[in-house]
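Protein chains in written order, with this note's numbering: chain A, 14 to 320; chain B, 401 to 802. Reviewing the structure listed below.
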């Protein structure tokens with residue numbers, strides 16, 4: 014059985030706002046082809062103030078689809094239409110204290126029904142702007158469509174590169190075969206590359222994904238720390254996109270101490286994230302550094318004992 | 401009131417007698433059957449005895465035709481890969497669209513390696529077209545692998561007849577019988593079946609023990625090489641305690657064979673009639689006239705299986721579903737799709753699979769619990785109106801699919 018949070022179970026067993034609202038003036042009907050679920054969202058919007066007065070859902074779907082629908086109706090009631098449009102599928106999942114990766118598409122369906130209903134209210138035509146493929150990486154919830162896009166856009170040729178770009182394949186490794194199949198397909202389409210090259214990727218391909226930065230000449234301490242700050246500042250938006258964050262705490266010789274915040278704090282993959290930051294810093298600084306959580310500095314002031 | 405377990409096609413409870421039989425092989429007779437000393441001298445004998453009991457249940461001509469493996473999946477893989485290795489000039493395999501993933505996924509993999517896989521289609525009741533099958537048999541086919549009973553619907557395939565046809569065409573025949581063994585009388589010595597897979601945990605033995613039946617004279621190549629165990633046909637130290645347990649479970653399955661086909665069948669029919677009498681827009685999937693005595697698969701239209709299971713579980717009832725969302729893969733059951741069951745019903749299929757431990761009182765509790773659960777979910781469904789499905793559901797609710 015799925016590992017559902019208590020809140021998901023609660024919203025499934027006691028769904029809020031089930032059924033259609035009376036005389037709705039905004040209706041959104043969407044389905045997720047990947048699992049056959051479908052949702053009709055009906056809203057009653059005050060035409061003068063644009064405030065959503067009432068919301069109701071009808072869902073053909075699994076436990077988390079019903080819970081996501083219920084959560085969505087609770088979230089939007091009392092909101093202005095514009096505010097409601099800012100709700101992301103991640104917000105719906107967060108409202109429910111998270112969803113299993115395979116079930117994130119249930120929250121996507123909720124987000125889409127909302128967009129469709131608001132378009133309907135405004136008399137606009139809603140068209141779906143995202144495509145969903147088969148889920149490949151269960152550890153990070155990355156689907157085939159996304160991997161294919163990234164492989165094409167960046168001319169990737171190894172699993173390791175795909176992991177660096179999308180995180181897919183960076184966890185339990187069980188999806189490497191699936192990623193290789195996508196690579197094989199895309200590479201086969203490329204005329205300049207014979208398909209054999211993925212069978213035996215060049216060993217160096219794993220190395221820097223980004224072009225080699227020019228190695229700066231010896232920096233002063235201050236320049237060096239500023240550079241470290243800049244690199245971390247550059248990486249933050251990506252972490253923030255996943256509801257996490259990182260902050261520079263201290264630099265002690267070759268060790269850089271950081272604080273993992275938000276969703277990054279306590280994430281099982283925190284050490285991988287740290288590894289990524291370390292890799293980037295080394296590329297930018299052109300020297301070896303070790304990135305450690307600041308908590309390690311407090312407990313191990315002298316020499317840190319690995320990760 | 402205890403919880404009600406109706407998911408015996410997934411796995412069964414190990415019988416207390418079986419547990420009792422296997423325990424000494426953890427604590428006293430823990431030696432390696434290959435060793436010379438007294439810690440293992442009875443283990444070899446116990447394995448011989450267990451092998452004879454499995455032989456008896458399968459009606460095999462010789463006990464040496466029984467090879468102990470770790471599970472049904474291993475037996476399936478061993479059988480198919482062995483046939484390919486023995487006959488490298490044969491590059492085709494015949495299976496069905498509704499096989500267990502143990503066969504289906506392996507064959508998909510082999511397809512990538514250049515083998516041709518013929519997948520026999522089924523009709524709306526899950527039945528095969530034997531004419532299509534006959535037309536595919538040729539000297540290019542290395543092996544036919546067809547399940548004896550379908551795990552989702554319980555529908556039986558005519559494997560005895562199909563094995564005769566394969567034999568006449570000079571083609572090896574394997575059957576995945578993990579759902580059939582212990583529920584149907586089997587007499588392999590009077591069939592032309594070359595190989596058969598069974599799995600201990602489907603018949604009240606523990607998980608982690610399986611059998612590959614290999615007809616004497618059938619060409620064979622082992623999957624695992626190493627030691628001399630199982631006459632070199634499956635290397636690896638024997639799982640002695642579980643082998644003993646499987647022997648005991650097979651002995652008990654023989655004793656309960658008629659019970660499974662009378663009492664269990666009666667309970668299953670009672671449950672099925674009781675639910676269908678009260679729930680509108682529900683139907684039995686598969687072939688009701690030709691199926692396992694313990695299995696009943698009902699499609700509840702316009703609602704989704706996982707939601708039903710969650711509510712059943714809350715009511716203390718364990719069942720399973722062919723819905724996409726229970727599988728982890730998010731793919732709706734390939735068995736339901738193969739039978740052409742519409743989306744809105746395929747997602748709402750629930751499988752109730754009984755064992756000899758279920759009671760009439762339990763069936764009545766399930767019959768009472770199901771209708772309100774279905775009604776509760778239909779109330780949430782966009783396809784359902786006040787008292788029944790909305791008129792022309794496909795038109796009344798036509799979502800934009802992402």
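We treat Cβ as the ideally placed atom computed from N, Cα and C, and that holds for glycine.
Reduced DSSP category for residue i - H, G, I as helix; E, B as strand; rest coil
i, result
"residue 57(A)", "strand"
"residue 213(A)", "Low confidence applies here, because residue 213(A) scores a pLDDT of 46, under 50, leaving its location unreliable; read the following figure in that light. Residue 213(A) falls in the coil class under three-state DSSP."
"residue 463(B)", "helix"
"residue 272(A)", "strand"
"residue 171(A)", "coil"
"residue 36(A)", "coil"
"residue 89(A)", "helix"
"residue 537(B)", "coil"
"residue 476(B)", "helix"
"residue 496(B)", "strand"
"residue 25(A)", "helix"
"residue 595(B)", "strand"
"residue 512(B)", "helix"
"residue 405(B)", "strand"
"residue 766(B)", "helix"
"residue 112(A)", "coil"
"residue 662(B)", "helix"
"residue 635(B)", "coil"
"residue 41(A)", "strand"
"residue 745(B)", "helix"
With 16 other Cβ atoms within 10 Å as the buried cut-off, status of residue i
i, result
"residue 279(A)", "exposed"
"residue 234(A)", "exposed"
"residue 185(A)", "exposed"
"residue 236(A)", "exposed"
"residue 221(A)", "Note that residue 221(A) has pLDDT 45, beneath the 50 cutoff, so the model's placement of it is unreliable and no number is given."
"residue 735(B)", "buried"
"residue 166(A)", "exposed"
"residue 306(A)", "buried"
"residue 751(B)", "buried"
"residue 808(B)", "One cannot answer for residue 808(B) here, as it falls past the ends of chain B, which runs 401 to 802."
"residue 677(B)", "exposed"
"residue 35(A)", "exposed"
"residue 782(B)", "buried"
"residue 408(B)", "buried"
Residues sharing a beta bridge with residue i, DSSP
i, result
"residue 71(A)", "53(A)"
"residue 573(B)", "544(B)"
"residue 784(B)", "789(B)"
"residue 752(B)", "696(B)"
"residue 64(A)", "93(A)"
"residue 468(B)", "611(B)"
"residue 156(A)", "148(A)"
The alpha helix (DSSP H) enclosing residue i, as first and last residue numbers
i, result
"residue 611(B)", "Unbroken run through residue 611(B) is the beta strand (DSSP E), 610 to 614; no alpha helix (DSSP H)."
"residue 443(B)", "441 to 458"
"residue 691(B)", "Note, residue 691(B): premise wrong, no alpha helix (DSSP H); not H, not E."
"residue 652(B)", "640 to 659"
"residue 705(B)", "705 to 714"
"residue 235(A)", "234 to 254"
"residue 119(A)", "117 to 134"
"residue 427(B)", "424 to 427"
"residue 797(B)", "Unbroken run through residue 797(B): none, as it is neither H nor E."
"residue 736(B)", "734 to 738"
"residue 624(B)", "Counting along the chain, residue 624(B) falls outside any alpha helix (DSSP H), and DSSP gives it neither H nor E."
"residue 568(B)", "559 to 568"
"residue 556(B)", "Segment: none, residue 556(B) is in no alpha helix (DSSP H) and carries neither H nor E."
"residue 201(A)", "189 to 202"
For residue i, the first and last residue of its enclosing beta strand (DSSP E)
i, result
"residue 518(B)", "516 to 520"
"residue 150(A)", "148 to 150"
"residue 683(B)", "682 to 684"
"residue 303(A)", "303 to 306"
"residue 289(A)", "Here residue 289(A) belongs to no beta strand (DSSP E); instead the alpha helix (DSSP H) covers 283 to 298."
"residue 351(A)", "There is simply no residue 351(A) to check, as chain A begins at 14 and stops at 320 in what is shown."
* May I ask you to verify whether the segment 103 to 114 of chain A touches the segment 49 to 60 of chain A, counting CB pairs closer than 8 Å and requiring at least 3? => no
* Do three or more CB pairs link the segment 596 to 612 of chain B to the segment 527 to 536 of chain B at distances below 8 Å? -> no
* Counting pairs of Cβ atoms below 8 Å between the segment 516 to 523 of chain B and the segment 445 to 458 of chain B, do you hit three or more? -> no
* Should the segment 618 to 630 of chain B be regarded as contacting the segment 541 to 552 of chain B, the criterion being three or more beta carbon pairs within less than 8 Å? -> no
* Between the segment 462 to 473 of chain B and the segment 682 to 689 of chain B, do three or more beta carbon pairs fall short of 8 Å? -> no
* **Stretch-stretch touch, CB-based, cutoff 8 Å, three pairs: the segment 436 to 450 of chain B with the segment 583 to 601 of chain B** => no
* Asked: Is it a yes or a no for the segment 294 to 304 of chain A touching the segment 567 to 577 of chain B, going by three-plus beta-carbon pairs under 8 Å?
  -> no
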